[in-house]
Structures are given as C-alpha cells and as structure tokens.
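Below: the structure, in structure tokens.
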Amino acid sequence: MSNEAPPPSSSRSVTLELEVGSGDEDELLYGGGWGWVEARTHCDHLESVAADLAHIPTPDTHCSRCQHPDENWLCLCCKDVFCSRFVNKHMVDHNQATSHSLAFSFSDLSVWCYACDAYLDAQVMKQLRPAYETAYLLKFGQAPPFRAAQNPGVIGSSSSS
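Its first residue numbered 1, the sequence shown is counted upward by one per residue in the UniProt record's numbering.
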C-alpha cells in the first residue's frame, strides 16, 4: 500500500461529519456553512425602530465617524450611518454604546438585529419594509420587485378557492 495522495479528481466528494449535539447541525441546516442564512420573520426589538423609515440617508452616505464610503450600515433606531465590522467597526461600537439593536446594510439591503444575533427579513416585516423599499429605490432607481409571501395569511400571499 502506498502513502501517495490520490490523484486530483473532479468527482471527489467531501463528507462532513458532525458530532451529534454539537450545535453544528443547526448552522448547517440554516445555511451558515454555505454562506447563506435563513432570515427571521419575527423580532422582539422592532419597537425601537425610528419613526418614518421611508426617509433615510442615501446608500452612498459615508460613515459618520470615519467618513469611509463603503460597507456602511444605517442604524434603524437613530438613522445615523456607521461602517461595518470589516472596515472600522463603528456600527458595532454604536450598538455597544447605545444598545441600538437594528442595523440596515446599504451594501446588500439586509437587516441585522444585534440583540437576536440574526438577520431579519425586511421584505416581509412591515416595520422594516419602508427602509428596504426606500433604500432599494435610492440604490437601483426603481421600486423593488414584488416578492410573494411564503406563509399563508401574510399580506401579499395568494390563495385559490
């Protein structure tokens, strides 16, 4: 038997073993291992969002602390703009200093709740929809496409009788 590595093959498969009860199953189940996550459709921290989220800074607004132009987040509680954890982490610092939990990414139009440690579905959650729709319009110059609700009983869903 040889100690040589097998030749490269495009048909190789990788087996991922998980220790039962390690918690890794949930991460993989919800896409964390593959770069996507399941956004929540409920959050107990929505009462802290600012009034009138239809009027927000433009997506090209620089960080209010360091003036960095990219990877910026809008605080949905006070409407200030801060850079991401991958730049100078001013949004993280703002959350830690103020406990403002909800942040909106101008890069990918996602919403993060620091208190829940989770992404939120801004297209489904009525309190977040104005910020999502306004940012989409400001960023792309048109209204966002309609996304049918996936749950019966949610506004926008259709049913056949």
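For every residue, glycine included, the Cβ atom is placed at its ideal position computed from N, Cα and C.
{"Check": "Coarse secondary structure for Y119, derived from DSSP in three states", "Outcome": "strand"}
{"Check": "Residue from E38, K89 and C43 whose Cα sits closest to the Cα of L102", "Outcome": "C43"}
{"Check": "Minimum C-alpha distance to P59 - residue among R147, L138, P145 and A143", "Outcome": "L138"}
{"Check": "DSSP three-state assignment for P145, whether helix, strand or coil", "Outcome": "coil"}
{"Check": "7 Å Cβ shell around A115 - same chain, five flanking residues per side excluded", "Outcome": "H45 and S101"}
{"Check": "Alpha carbon of P145 to alpha carbon of Q123, nearest angstrom", "Outcome": "10 Å"}
{"Check": "Host beta strand (DSSP E) of L102 (start-end)", "Outcome": "L102 to S105"}
{"Check": "T98 burial status per 10 Å Cβ neighbour count (16 or more: buried)", "Outcome": "exposed"}
{"Check": "S84 beta carbon less than 9 Å from that of S110", "Outcome": "no"}
{"Check": "Cutoff 8 Å; reference Y30; Cβ partners in own chain excluding five residues on either side", "Outcome": "Because Y30 carries a pLDDT of 45, less than 50, the predicted location of this residue cannot be relied on, and no value is offered for it."}
{"Check": "Own chain residues within Cβ distance below 6 Å of P69, not counting five before or after", "Outcome": "H62"}
{"Check": "Neighbour-count burial assignment, F86, 16 or more Cβ in a 10 Å radius", "Outcome": "exposed"}
{"Check": "Through-space distance from Y136 to K126, alpha-carbon basis", "Outcome": "15 Å"}
{"Check": "C-alpha gap between S9 and A51, whole angstroms", "Outcome": "Caution is warranted here: a pLDDT of 42 is assigned to S9, below 50, making its placement in the model unreliable, and the coordinate value is therefore given only provisionally. Going by the C-alpha atoms only, they are around 57 Å apart."}
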